[in-house]
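Residue numbering for the sequence shown follows UniProt numbering, starting at 1 and increasing by one per position. Here's the structure we're looking at; comments come further down.
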Amino acid sequence: MNARIYVLALATFTVGTEGYVIAGVLPAVAHSMNVSVSVGGQLVTVFALVYALAGPPLIGAFRRVPPKSVLIGAMLAFALSNALAACAPDYAVLAVARVLAALSAALLAGPAAAAAAALSRPQDMPKAIAVTASGNALALTLGAPIGTLIGGLLGWRGTFLFVTVLALTTALMLAVLLPAVPAAPVGTGRAELLRSPAVRWSLLTTFGVFLAAYCTYTYLAPIAERATGMGSRGVAALMIVFGAGAFLAGRTIGRILVKVPVARVLRVALSLMALLLGIIAVGTAWHPRIAAEIAAFPVLFCLGAAWCCGGVSQQTRIAALAPSQRSLALGLHFSVQFLGVAVGGAVGGLALSTGGPVAVPALSALIACVALLSVQRTVPVTAGSPERMAPAVITAQE
Numbered sequence: 001m002n003a004r005i006y007v008l009a010l011a012t013f014t015v016g017t018e019g020y021v022i023a024g025v026l027p028a029v030a031h032s033m034n035v036s037v038s039v040g041g042q043l044v045t046v047f048a049l050v051y052a053l054a055g056p057p058l059i060g061a062f063r064r065v066p067p068k069s070v071l072i073g074a075m076l077a078f079a080l081s082n083a084l085a086a087c088a089p090d091y092a093v094l095a096v097a098r099v100l101a102a103l104s105a106a107l108l109a110g111p112a113a114a115a116a117a118a119l120s121r122p123q124d125m126p127k128a129i130a131v132t133a134s135g136n137a138l139a140l141t142l143g144a145p146i147g148t149l150i151g152g153l154l155g156w157r158g159t160f161l162f163v164t165v166l167a168l169t170t171a172l173m174l175a176v177l178l179p180a181v182p183a184a185p186v187g188t189g190r191a192e193l194l195r196s197p198a199v200r201w202s203l204l205t206t207f208g209v210f211l212a213a214y215c216t217y218t219y220l221a222p223i224a225e226r227a228t229g230m231g232s233r234g235v236a237a238l239m240i241v242f243g244a245g246a247f248l249a250g251r252t253i254g255r256i257l258v259k260v261p262v263a264r265v266l267r268v269a270l271s272l273m274a275l276l277l278g279i280i281a282v283g284t285a286w287h288p289r290i291a292a293e294i295a296a297f298p299v300l301f302c303l304g305a306a307w308c309c310g311g312v313s314q315q316t317r318i319a320a321l322a323p324s325q326r327s328l329a330l331g332l333h334f335s336v337q338f339l340g341v342a343v344g345g346a347v348g349g350l351a352l353s354t355g356g357p358v359a360v361p362a363l364s365a366l367i368a369c370v371a372l373l374s375v376q377r378t379v380p381v382t383a384g385s386p387e388r389m390a391p392a393v394i395t396a397q398e
């Protein structure tokens, strides 16, 4: 596998760090801007919705531009948006900065995964995509805690300045280390891609994976407090453990996907998510404190691993379904992913307000079970048949 693909993991690490770290500084942002925490939380919703809606059109608009130029330009715009956030005098300007950040991020995640696939041999494509995805998991484990720590020392504006410096550094690394990636041929558009039943089923699975995960992850604090009595430090530790599970899974899932049919991996990942979320629901209802504290960390570690395996499998699935339009197809994947994040927060909040902390993981487990139904049968393709990898890692039985 091309070692320079790792610079693309740095790009996803940078974007992921900005996305995750805002949760750690949200109370400080809300206090500084004289708004409630719930109103401040809309900054997360705005980012997710703008990303979901604008991603595919933006990628389509720039598909004639060399991918390396798109990635560098988007990363510089991402740095500018975070610099604006650091200097924002009021909530309105901060919201505008988040919109700009979402627009630039939408030109990073999908094209980065597509570039990784283009720079790898066909049989190494799952590994390459897994490497880029591991940057996002590392952001949860390392980037967000560092950004939160900086926010505690220098204030929330310091956190956004940290992301600005990180983005500028990443842009420089992309310019120096990333080889030229040929632009994808202009062909199938978004509407044509969505006419494919296989693509629609795959996007529905993506939505289910992230809806199930973020319905619970968004409200991990009240769930953990109910089940274990953990305070903010304990919740932060759980988040780090969740990210560690995702990161380690991201480092291994690529090798598995070369040998095991993607549908099988997806079924196992979603089944594990449903089981683990069910365990969290039972533990939250039962909540013997000592047992829950002991079980919480391995359960969250395994949940992070299962979630990452599902997400990377879906990226591989989408990339294989549209080999000539990977950037656009992966843009659709990430748009649906962020739509799942946004809806997950809303649905989880509704479950929390109506049924309490127990209802949130219970609903997430049910969503994971329903998502299993959207996984289509696939033709198994192994590393031994690299010539079939590009067009048929996933072939829906329609």
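No residue lacks a Cβ here, since even glycine has one placed at the ideal position from N, Cα and C.
From which residue to which residue does the alpha helix (DSSP H) around residue i run?
i      : result
Ala322 : First-last for Ala322: undefined, no H or E at that position.
Ile72  : 67 to 87
Asn136 : 125 to 138
Ser353 : 326 to 355
Thr148 : 144 to 154
Ser364 : 359 to 372
Leu49  : 42 to 61
Express the C-alpha separation of residue j and residue i in angstroms, rounding to a whole number.
i      : j      : result
Ala116 : Leu174 : 13 Å
Val26  : Val241 : Looking at the sequence itself, residue 26 is Leu, so the reference to Val does not match. Each residue's alpha carbon lies about 21 Å from the other.
Ala11  : Pro323 : 22 Å
Leu194 : Pro57  : 14 Å
Thr159 : Ala365 : 34 Å
Gly355 : Gly310 : 28 Å
Val46  : Thr218 : 15 Å
Leu352 : Val358 : 8 Å
Tyr20  : Arg157 : 15 Å
Val96  : Ala102 : 10 Å
Leu277 : Leu53  : 29 Å
Leu303 : Leu339 : 20 Å
Thr316 : Val262 : 8 Å
Lys259 : Asp124 : 11 Å
Arg377 : Phe207 : Here the model assigns Arg377 a pLDDT of 48, short of 50, so the residue's position is not dependable, and the following value carries that caveat. Taking the straight line from one Cα to the other gives about 18 Å.
Gln337 : Ala319 : 15 Å
Leu80  : Gly250 : 29 Å
Gly344 : Pro89  : 30 Å
Val165 : Val93  : 20 Å
Gly24  : Leu330 : 28 Å
Pro126 : Leu43  : 33 Å
Pro298 : Gly245 : 9 Å
Ile5   : Leu178 : 7 Å
Arg121 : Leu328 : 20 Å
Take residue i as the anchor and find which of the options has the nearest alpha-carbon.
i           : options                        : result
Ile22       : Pro57, Ala212, Val163          : Val163
Gly151      : Glu18, Ile279, Ala351, Ser69   : Glu18
Ala180      : Ile72, Ser353, Leu330          : Ile72
Ala74       : Glu225, Leu138, Val312, Ala109 : Ala109
Ala77       : Val370, Cys87, Leu100, Ala281  : Leu100
Leu204      : Ala371, Thr14, Leu8, Gly16     : Ala371
Val86       : Thr132, Gly135, Pro111, Met33  : This sequence places Ala at residue 86; Val is not what is there. Here the closest residue by C-alpha is Met33.
Ala144      : Ser69, Ala236, Val165          : Ala236
Thr170      : Leu257, Lys68, Leu332          : Lys68
Thr14       : Arg264, Gly349, Ser134         : Ser134
residue 402 : Ala106, Phe247, Val131, Leu275 : In this structure the chain extends from 1 to 398, so residue 402 is not present and cannot be described.
Glu225      : Thr284, Val44, Ser196          : Thr284
Leu275      : Trp286, Leu84, Cys369, Val70   : Cys369
Gln325      : Leu248, Ala167, Phe62          : Phe62
Ala281      : Leu300, Gly155, Ala269, Pro197 : Leu300
Are the beta-carbon atoms belonging to residue i and residue j less than 8 Å from one another?
i      : j      : result
Thr216 : Val360 : yes
Ser335 : Tyr51  : yes
Leu266 : Val176 : no
Met273 : Ala212 : yes
Val312 : Ile59  : no
Leu140 : Gly254 : no
Ser36  : Ala28  : no
Leu238 : Ala296 : yes
How is residue i classed by DSSP in three states: helix, strand or coil?
i           : result
Val7        : helix
Pro380      : Since pLDDT at Pro380 reaches only 41, below the 50 mark, its modelled position is unreliable, and no value is offered.
Ser202      : helix
Phe13       : helix
Ala102      : helix
Val260      : coil
Gln397      : Legend: pLDDT at Gln397 = 38, less than 50; position of this residue unreliable, value from coordinates given subsequently. Three-state DSSP puts Gln397 in coil, outside helix and strand.
Leu276      : helix
Tyr219      : coil
Ala113      : helix
Val39       : helix
residue 404 : An answer regarding residue 404 cannot be provided, because it is not within the stretch 1 to 398 covered by the chain.
Gly229      : coil
Leu238      : helix
Any beta carbon of chain B sitting closer than 8 Å to that of residue i?
i      : result
Ala249 : Of the chains in the structure shown, none is chain B; there is only one protein chain.
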